[in-house]
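Encoded as C-alpha cells, the structure appears first; notes follow it.
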Amino acid sequence: MLKKTIIATALVASFVTFSTTKTAKADQIEVDTTQLSVLSELTEVNQSLDLLTKTMNTTVTTLANEKTAQAKAEEAKAQAVKKVSEAEQITQYAKKFLGVPYVWGGSSPSGFDCSGLTSYVYRHVLNKEIGRTSTNQIANGKHVATSQAKVGDVLVFLGGSHVGIYLGNGQFIHAPQAGEVVAISSFDELTPDYALEF
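Note that the sequence shown covers residues 819 to 1016 in our numbering.
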C-alpha cells in the first residue's frame, strides 16, 4: 500500500510538474508573441523616426541654405550701398574744392594739380593712399574701360598725363592746368582713355 501511495504521489507530482512546465511554456509563447508584436511596433516607430529625422535634416539644411543665401544677399546689398555711399562722399568732397587754383605739384586746398586733387580726396574720404602722381595712380589702380567707369572712379586722360574724378553722366571734376581752377568738365571737352578703380 505504501508502495502504491508513493507511486501515485510520484505520478501526480510528475503530472503537476508536466502541467506547470507546459503552462510556463505556453505563457512564454504568449509572452513571446506579445514581445514580437511590441518589437514589430517599435520597428515601425523607429522607421517613422528615421523618416522624420531625414525630413527634419533636409528642412534644417534647406533653411540653413536659405539663411546663408539671404545673408549673402544682404551683405551684397550692404556693399553696394557702401559703394554708392563712398562714391557720393568722394564726389561731394571733391566738389568742395571747385574754384581752388591749379598749382603744379599742389596737393592741398590752397592749390592742387590734377593728381594732387585725386589723391587728396581719396585720402580724406576713404583713408586710401592711391599715389601722389598720375603715374603712381595708374600703377596702383585697377584699369577698367571708360564705359565701365563708376561714379567716384579716377579717370585717366592724355595718355596718363592727366587725371580727374568721374561724377557720372559724362562729367568729371579735375584741376585742369596752370592759370585755371578746379572745375567740372564733360567728355565732350576731354575724352578719358580709361578709368581706375581703387
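Don't be surprised by glycine CBs; every beta carbon is placed ideally from N, CA and C. The structure presented is a predicted model; accordingly, all values stated were derived computationally and were not measured.
Cβ distance (whole Å) where residue i is taken to contact residue j below 8 Å
i: Ile983; j: Ala912; result: 5 Å
i: Ala1001; j: Leu916; result: 7 Å
i: Thr964; j: Pro1010; result: 5 Å
i: His992; j: Ser1003; result: 7 Å
i: Lys968; j: Phe1016; result: Not really, about 11 Å apart at Cβ, beyond 8 Å.
i: Val981; j: Gln955; result: 6 Å
Residue i, enclosing beta strand (DSSP E) - first and last residue
i: Ser1025; result: Examination of residue 1025 is not possible in this model, given that the chain is present from 819 through 1016 alone.
i: Gln1015; result: The sequence as given places Glu at residue 1015; Gln does not occur at that position. Where Glu1015 is concerned, the enclosing beta strand (DSSP E) stretches over 1012-1015.
i: Gln966; result: It is not in any beta strand (DSSP E) - Gln966 carries neither H nor E in the DSSP assignment.
i: Gln989; result: 989-992
i: Leu985; result: 980-986
i: Leu769; result: Not covered by the structure: residue 769. The range shown for the chain is 819 to 1016.
i: Leu973; result: 972-975
Distance between residue j and residue i (C-alpha atoms, nearest Å)
i: Met874; j: Lys901; result: 40 Å
i: Thr835; j: Ser866; result: Its pLDDT being 44, under 50, Thr835 is placed unreliably in this model, and the value from its coordinates should be taken loosely. Going from the Cα of Thr835 to the Cα of Ser866 covers about 45 Å.
i: Gly959; j: Val878; result: 44 Å
i: Gln966; j: Ala1013; result: 8 Å
i: Leu973; j: Ala882; result: 43 Å
i: Gln910; j: Ser937; result: 15 Å
i: Thr880; j: Thr871; result: 14 Å
i: Ser933; j: Asp971; result: 13 Å
i: Ser952; j: Gly986; result: 21 Å
i: Leu1008; j: Gly988; result: 10 Å
i: Phe1005; j: Phe990; result: 8 Å
i: Ser855; j: Leu869; result: 21 Å
i: Gly923; j: Gln907; result: 24 Å
i: Leu935; j: Ser925; result: 6 Å
i: Phe975; j: Ala894; result: 32 Å
i: Ala891; j: Glu884; result: 10 Å
i: His942; j: Gln888; result: 34 Å
i: Val1017; j: Glu904; result: What the structure shows of the chain is the stretch from 819 to 1016, and residue 1017 is not part of that stretch, so it cannot be assessed.
i: Ser928; j: Thr886; result: 50 Å
i: Val999; j: Ala957; result: 26 Å
i: Gly949; j: Phe930; result: 14 Å
i: Val863; j: Ala898; result: 51 Å
i: Gly997; j: Tyr940; result: 24 Å
i: Ala842; j: Ser858; result: For Ala842, the predicted model reports a pLDDT of 47, less than 50, meaning its position is unreliable; a value from the coordinates is still stated below. The alpha-carbon atoms of Ala842 and Ser858 are separated by roughly 24 Å.
heavy atom of the ligand MN below 6 Å from residue i C-beta
i: Ile1002; result: Within the structure as shown, the ligand MN is missing, as the structure has no ligands at all.
Item to check | Every unbroken beta strand (DSSP E) within the stretch 910-962, with a cutoff of 3 residues, ordered by chain | outcome: Listed in chain order, the beta strand (DSSP E) runs fully inside the stretch 910-962 are 960-962, counting runs of at least 3 residues.
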